[in-house]
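Each position in the sequence shown, counted from 1, maps to that position plus 15 in my numbering. Cβ atoms here follow ideal geometry from the backbone N, Cα and C, with glycine treated the same way.
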Amino acid sequence: MNNWILITIFLGIIAVTIEIIVFFTLKKQKKEGTYRDLDYRAFFILGISFLPMGIIFTTTISPAFIGFIGIGVCYMAIGLANRDKWVKKGGIKMQSPIFRLCTLIHANTCFAH
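Rendered as structure tokens:
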């Protein structure tokens with residue numbers, strides 16, 4: 016028997032097992048009232064992250080990374096379609112000089128090249 020068939024069957028069994036565990040966990044959380052709704056703002060932020068990463072990887076490494084562009088567009092669309100359900104979080108207080116210094120160093124190292 017081909018090794019790829021065995022690997023595919025094994026990964027399928029793992030995927031089904033994870034789906035069953037997630038299903039029963041969510042069912043238990045809804046029953047206990049501890050279930051939290053999705054934060055669609057996180058989808059939008061992930062979309063913003065995946066889109067440029069996909070563009071850069073596709074142009075520099077290989078066209079095989081075009082999937083990252085698709086994921087980015089889909090996540091951004093999901094986040095924007097549910098903008099009214101975004102979880103409002105308190106902003107980061109930028110009063111600390113150490114926080115400002117770390118942000119400045121990070122920005123310089125990211126955009127210096």
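- By the CB criterion at 7 angstroms, K100 and Y50 fall outside the cutoff.
- Per DSSP, N17 lies in no alpha helix (DSSP H) segment and is marked neither H nor E.
- Scanning its chain for C-beta atoms nearer than 8 angstroms, with the 5 sequence neighbours on each side dropped, one finds no residue around F39.
- Within the model, the alpha-carbon separation for G69 versus I81 is close to 6 angstroms.
- Taking 4 residues as the minimum length, the alpha helix (DSSP H) runs contained wholly in the stretch 48-94 are 55-75, in order along the chain.
- By the criterion of at least three beta-carbon pairs nearer than 8 angstroms, the stretch 83-99 is not in contact with the stretch 26-41.
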